[in-house]
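Asks: Dumping the structure here so I can ask a few things about it.
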Amino acid sequence: MNIDKNLKGKIMLNIQYGAWLVCAAVAMTGFSVAAQTNIQPGTEPTTTQTAVPTALEQQKATKALQEQKALKAQKEALGAVIFNDVSLSSPAGQSCATCHNAASAFADPGKAVSEGAVKGAFGNRNVPTLKYAQFSPPLQKEEYADEWSGGQFWDGRVDSFKEQALGPFFNPVEMNTTPAKLAQALRSAAYASLISAAYGKAVLSDETALVDAAADALEAFQKTQIFTPFDSKYDYYKLELVKLSKLEERGEMVFNSGGMCIDCHLGRVGQRQIFTRFVHHNILVPPNPELPFYTQPTAVNPDGKAFVDAGTGNNPKLNAKDKLVAKGMFKTPTVRNIALTAPYMHNGVFKTLEEVVEYYSKMEKFWPPEVNENPSRLMSTSLSISEDDKKALVAFMKTLTDGYDAPPELKAKLRAHQESLGYWE
Ligand code: HEC
Ligand code: HEC
642 MNIDKNLKGK
652 IMLNIQYGAW
662 LVCAAVAMTG
672 FSVAAQTNIQ
682 PGTEPTTTQT
692 AVPTALEQQK
702 ATKALQEQKA
712 LKAQKEALGA
722 VIFNDVSLSS
732 PAGQSCATCH
742 NAASAFADPG
752 KAVSEGAVKG
762 AFGNRNVPTL
772 KYAQFSPPLQ
782 KEEYADEWSG
792 GQFWDGRVDS
802 FKEQALGPFF
812 NPVEMNTTPA
822 KLAQALRSAA
832 YASLISAAYG
842 KAVLSDETAL
852 VDAAADALEA
862 FQKTQIFTPF
872 DSKYDYYKLE
882 LVKLSKLEER
892 GEMVFNSGGM
902 CIDCHLGRVG
912 QRQIFTRFVH
922 HNILVPPNPE
932 LPFYTQPTAV
942 NPDGKAFVDA
952 GTGNNPKLNA
962 KDKLVAKGMF
972 KTPTVRNIAL
982 TAPYMHNGVF
992 KTLEEVVEYY
1002 SKMEKFWPPE
1012 VNENPSRLMS
1022 TSLSISEDDK
1032 KALVAFMKTL
1042 TDGYDAPPEL
1052 KAKLRAHQES
1062 LGYWE
């Protein structure tokens, strides 16, 4: 694994994004970028005569930035309302929040798979946390290996939240609606005025634009700080505001060395530790015989009991050859908030963290795997972790739950420090 290259890519991405925002802000303020840098087409920039903005221009710039911020806040607020609106499914009764519960890191704890809006309809995959998902870059294939990283969903089949949002709305085993029905529900929603305030009145009479606006607002909401608070005990510990217990500290050591967890579950974006690099791997997880999906009607599951989840091997973006190589791979999940999101793995086969650690310690005890091919070369199938180290690993993973109960002055210190490091820029 070429860590440096990977990290550099992500950091560059961040910088580019930051620069883009600045450009956009400048463009919106009405300053001419060309006038400031004095670049003439076809000539080298020689002198940089920075135009000093007049008081009026400055006022305009401030106002434009304020308006931009206010619009962003409007879209985020609208996204939160849509996320929780149970009238958008068919039949009514299910929202994004039904499966992505805010109190459980936006996962659906206790369920291997979740029921759709239609009673008795089940998908085949465990609901992932939505926290920190915004850091997953668009799906990409590495140059140096048959390895993929990024994307949204367990198999990375879409690149953005906006593209993703259209999935659950129209998925028959999820919210089960149609664009026409969704547009009608949005038009008649009590918050229709919020939609026109953020996206213009015209969207209400244009089905495609209206569905697009809803997806856009959902994306804005899912990119808010609610989904990236970075306030677990671990975050306080890393900024030296609290200490870990001896057991937790030992767990961190096992995670980073003996357990090899670090090879896949560690990844920084800027200063922020995400606990995944979003690389797809087959770690040979066994099937979950309890999945109701095996007995779904043939229209939903044509393979019946013989169903195998090929993971990234089923990603429609891959060509036929790559699909074979990616069979059995799933995007490495973050382990932030892992204590809140049991059961575990793409099919929810493991009910507790203890069981997950047991699996990593001796995989063959749990086999046969769902997919035998393409095992990750970054993993040992038989780590034989000692009983004490297993306990320590679990204790460490429990330090990764957001909302650590710290005294107000420590909270303020954490925030100030993180803000100075550019956590939410
Ligand atoms: C019936 C339950 C259900 C509902 C309702 C639902 N989801 Fe999901 N969501 C899932 C499951 C299951 C997955 C994983 C599916 C997969 O990987 O193929 C998922 C995956 C996601 C992901 C990808 C996260 C990642 O890390 O890859 C996002 C983002 C998401 N959902 C957002 C939403 C939004 C927004 C809505 C509402 C428009 C919504 N979901 C409604 C069950 C649900
Ligand atoms: C080769 C890369 C790799 C290594 C090494 C690795 N993991 Fe994983 N981990 C994954 C992938 C990929 C998944 C999802 C697999 C699936 O669902 O089929 C996963 C899933 C998990 C999950 C469940 C996450 C969820 O949301 O359901 C936990 C917990 C976890 N790993 C902890 C660990 C620990 C602890 C270690 C070290 C002992 C470790 N992992 C080592 C790649 C890895």
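Here our numbering = 1-based position in the sequence shown + 641.
Where a beta carbon is used, it is the ideal one built from N, C-alpha and C, also for glycine.
(1) Compare the beta carbon distance of Y878 and L888 with 9 Å and say whether it is the shorter of the two.
(2) Check whether the Cβ of S1017 sits closer than 8 Å to any heavy atom of ligand 2, and report yes or no.
(3) Could you tell me whether the region 1017-1025 touches the region 915-933, where touching means 3 or more Cβ pairs closer than 8 Å?
(4) Going by other Cβ atoms of all chains shown within 10 Å of its Cβ, with 16 needed for buried, is A946 buried or exposed?
(5) Are E999 and K1006 touching if we call contact CB-CB under 9 Å?
(6) Would you mind sorting K842 into buried or exposed? The rule is 16 or more other CB atoms within 10 Å of its CB.
(7) Kindly identify the DSSP beta-bridge partner or partners of Y985.
(8) Under a Cβ-count criterion, where at least 16 other Cβ atoms within 10 Å of its own Cβ denotes burial, should D726 be classed as buried or exposed?
(9) To the nearest angstrom, how far is the alpha carbon of S730 from that of A692?
(10) Looking at the structure shown, is R798 part of a helix, part of a strand, or coil, going by DSSP?
(11) Please classify Q781: does DSSP put it in a helix, a strand, or coil?
(12) I need the DSSP call for V976, collapsed to helix, strand or coil.
(13) What whole-angstrom Cβ distance do F794 and T770 have, given they're in contact under 8 Å?
(14) By Cβ distance, which residues of its chain are closer than 7 Å to H1058, with the 5 residues on each side in sequence left out?
(15) By Cβ distance below 6 Å, which residues in the same chain neighbour A675 in space, the five residues on each side in sequence not counted?
(16) Say yes only if the C-beta of G900 is nearer than 8 Å to one or more non-hydrogen atoms of ligand 2, and no if none qualify.
(17) Quick one: residues in its chain with C-beta nearer than 8 Å to the C-beta of G1063, no 5 flanking neighbours on either side, listed in chain order?
(18) Mind reading off the beta-carbon distance from I723 to A855? Whole number of angstroms is fine, and I expect it under 8 Å.
(19) May I ask you to check if the CB of F802 is nearer than 8 Å to at least one heavy atom of ligand 1?
(20) Below 8 Å, can you find three or more Cβ-Cβ pairs linking the region 754-763 to the region 890-902?
(21) Please list, in chain order, all residues of the same chain as Y1045 whose beta carbon is under 7 Å from its beta carbon, the five residues on each side excluded.
(22) So does M816 have its beta carbon nearer than 8 Å to some heavy atom of ligand 1?
(23) Taking one C-beta from the region 771-782 and one from the region 815-835 each time, how about it: are there three or more such pairs within less than 8 Å?
(24) Could you have a look at H1058 and say whether DSSP puts it in helix, strand or coil?
(25) Short check: CB of V768 to CB of D796, under 9 Å?
(26) Report buried or exposed for S755, applying the criterion of at least 16 other Cβ atoms within 10 angstroms of its Cβ.
(27) Would you please verify whether the beta carbon of S837 is less than 9 Å from any beta carbon of chain D?
(28) Less than 8 Å between the CB atoms is what I'm expecting for D857 and K782, so what's the real figure, rounded?
(29) Checking 9 Å against the spacing of the C-beta atoms, do A824 and V852 come in under that value?
Replies: In terms of the structure at hand:
(1) No; because the gap between Cβ atoms is not below 9 Å, this pair is not in contact.
(2) yes
(3) yes
(4) Sequence check: residue 946 is Lys here, not Ala. Under this definition K946 is an exposed residue.
(5) Yes, they are a contact pair.
(6) exposed
(7) F991, per the DSSP bridge assignment.
(8) buried
(9) 54 Å
(10) coil
(11) strand
(12) coil
(13) Taking a contact as a CB-CB distance under 8 Å, the pair F794 and T770 does not count as one, their CB atoms being some 13 Å apart.
(14) L880
(15) Low local confidence applies: a pLDDT of 31 at A675 is under 50, so the model's placement there is unreliable, and no value is given.
(16) yes
(17) The residues are G911, Q912.
(18) That belief holds up - the Cβ atoms of I723 and A855 are roughly 6 Å apart, short of 8 Å.
(19) yes
(20) no
(21) D872, S873, K874, Y877
(22) yes
(23) no
(24) helix
(25) no
(26) buried
(27) Chain labels in this structure do not include chain D; a single protein chain is all it has.
(28) Not really, about 28 Å apart at Cβ, beyond 8 Å.
(29) Against a cut-off of 9 Å, the Cβ pair of V852 and A824 comes out as a contact.
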